[in-house]
Amino acid sequence: MVSQQLDVLVICGSLRKGSYNAALARTLPSLAPAGMKLRAAASFERFPIYNFDIQNATGFPAEVVAWADGIRSADGLIIVSPEYNWSIPGGLKNAIDWVSRMKDQPFKDKPVALQSAAGGILGGSRMQYHLRQSLTSVDAILFGRPEVIVTFAAQKFDERTLELKDQTAIDMIKLQLAGFEKFIRRVSAKG
Amino acid sequence: MRATGARYSPRYFTDKLENVMANLNIVSICGSLRKGSFNAMVQRLLPSLAPDGMTIKPAPSFADFPLYNADIQNSTGFPAPVNTLADAIRAADGVIFCSPEYNFSIPGGLKNAIDWVSRLQNQPFAGKPVALQSVSPGPVGGARVQYDLRRAMMFLDAFTLNKPEIFIGSCASKFDEKTGELKDEATLGFLKQQLTAFASLIARVAPKS
Numbered sequence: 001m002v003s004q005q006l007d008v009l010v011i012c013g014s015l016r017k018g019s020y021n022a023a024l025a026r027t028l029p030s031l032a033p034a035g036m037k038l039r040a041a042a043s044f045e046r047f048p049i050y051n052f053d054i055q056n057a058t059g060f061p062a063e064v065v066a067w068a069d070g071i072r073s074a075d076g077l078i079i080v081s082p083e084y085n086w087s088i089p090g091g092l093k094n095a096i097d098w099v100s101r102m103k104d105q106p107f108k109d110k111p112v113a114l115q116s117a118a119g120g121i122l123g124g125s126r127m128q129y130h131l132r133q134s135l136t137s138v139d140a141i142l143f144g145r146p147e148v149i150v151t152f153a154a155q156k157f158d159e160r161t162l163e164l165k166d167q168t169a170i171d172m173i174k175l176q177l178a179g180f181e182k183f184i185r186r187v188s189a190k191g
Numbered sequence: 192m193r194a195t196g197a198r199y200s201p202r203y204f205t206d207k208l209e210n211v212m213a214n215l216n217i218v219s220i221c222g223s224l225r226k227g228s229f230n231a232m233v234q235r236l237l238p239s240l241a242p243d244g245m246t247i248k249p250a251p252s253f254a255d256f257p258l259y260n261a262d263i264q265n266s267t268g269f270p271a272p273v274n275t276l277a278d279a280i281r282a283a284d285g286v287i288f289c290s291p292e293y294n295f296s297i298p299g300g301l302k303n304a305i306d307w308v309s310r311l312q313n314q315p316f317a318g319k320p321v322a323l324q325s326v327s328p329g330p331v332g333g334a335r336v337q338y339d340l341r342r343a344m345m346f347l348d349a350f351t352l353n354k355p356e357i358f359i360g361s362c363a364s365k366f367d368e369k370t371g372e373l374k375d376e377a378t379l380g381f382l383k384q385q386l387t388a389f390a391s392l393i394a395r396v397a398p399k400s
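Protein sequence lines, in the order shown, are assigned to chains V and A. Be aware that the first sequence starts at 1, since it is given in this note's numbering, and climbs by one per residue. Be aware that the second sequence starts at 192, since it is given in this note's numbering, and climbs by one per residue.
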């Protein structure tokens, strides 16, 4: 059963400090509807590269367990990520691969919305469609539309403060977050 | 095992192969780090299945790569293991990926390795012939990892071999898990065909002197 105010976790696919996607993720709390509270997920920066032998010998690393717990406890997830080489950043995919091996797999039945920012005309959309593919494998419940695809990011964020200043993008994000709130309430287990 | 285009004949464009094929050095990259990996078993088999003149060696490991972060690249440069892998790819005449599929796509660790080397000047996959193989316990045989790898390789300007494709599904019944021996004759035949076709692709796309 979902809480009155939804607890939504935001995962950023880039580890770079000056990342446009990290900037986008930081913008979200101010654009969220009243019924949704956003918090940033722990970093997956220290995850080792997935190796079944590690899992077998010493179990899941503590950082992986903490990250999975953060996902499990949330009512929904928003993944904000750049596109690397026409697909999902390896680090983000590695994080998904780790937790996908857990019992009580954290993405299962979890509502997920996607966002991306990128320098070019496609705005990271190829990454989003690959994420949809992988998140289908882990049984997430994927939010459809509206999509948030921030194209030509360099023109839409303030060069110095990295604040998102593009009104069209801001309006689209508000629409998505409002839609995502309704979506979570609709698909969540009825208690 | 499905191998579409199994009747594909490498003889189709072998006119001037002899010179180029005399000495082909290939590196193989395994997408799994697990010791008992079925994909690593295939990787170890490849040298014995290669056509005359083709040498196949495992590439240096990406196990110790940090997760890609442009801030690391900018502050301390590319980590040594990244450069080692990139150099091995650059020095090779071609690259063979043997990879499992994780969550309907490329294993994060393998994608992370590709993401790192993609940022190097003299990007190592540019113009590089690439062949794909995957092994999995299920019926699909890792097809999705291959199509996602194809996309990433296309972005990086590699020449990826079209056919024959090697999808080794239901692997538990095809390998001796203790010895790593591949017992399935049909699969062995397809692997040989692919390596021969790969030699042809390399010859075809090699820079003309």
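Backbone N, C-alpha and C define an ideal beta-carbon position, used for all residues, glycine too. The model shown is predicted, which means the values in this text are computed figures rather than measured ones.
Q128(V) is classed as buried because its beta carbon has at least 16 other beta carbons within 10 Å across all chains shown. F152(V) sits exposed, since fewer than 16 C-beta atoms from the chains shown fall within 10 Å of its C-beta. Chain V has a Cβ within less than 9 angstroms of the Cβ of R225(A).
The C-alpha of A394(A) lies about 10 angstroms from the C-alpha of A213(A). Approximately 24 angstroms separates the beta-carbon atoms of H130(V) and S219(A); this is outside 8 angstroms, ruling out the contact.
No Cβ-Cβ contact shorter than 9 angstroms links N294(A) with S14(V). The C-beta distance from S327(A) to P291(A) rounds to 6 angstroms, short enough to meet the 8 angstroms contact threshold. Identification of chain A residues near F183(V) by a Cβ-Cβ cut-off of 9 angstroms yields none; the smallest Cβ-Cβ distance measures about 22 angstroms. I96(V) has its alpha-carbon roughly 27 angstroms from the corresponding atom of L162(V). Every unbroken stretch of the alpha helix (DSSP H) spanning 4 or more residues and falling wholly within the stretch 199-275 of chain A is given here in chain order: 208-212, 229-240, 261-267. For M345(A), the enclosing alpha helix (DSSP H) stretches over residues 334-346. With a threshold of 9 angstroms between beta carbons, L92(V) makes contact with chain A. L6(V) places its beta carbon less than 9 angstroms from that of I184(V). Any Cβ of chain V closer than 9 angstroms to the Cβ of A254(A) would place that residue at the interface, and such an atom is present.
Our two residues, N85(V) and A277(A), have alpha carbons roughly 16 angstroms apart in a direct line.
Segment contact: the stretch 114-124 of chain V against the stretch 80-94 of chain V, three or more CB-CB distances shorter than 8 angstroms; contact assigned.
A direct Cα-Cα distance of roughly 14 angstroms separates K182(V) from L77(V). Distance from G90(V) to N303(A) at the Cβ level is roughly 3 angstroms; contact confirmed, criterion being Cβ atoms closer than 8 angstroms. Excluding its 5 nearest sequence neighbours in each direction, T27(V) has C-beta neighbours in its own chain below 6 angstroms: L164, listed in chain order.
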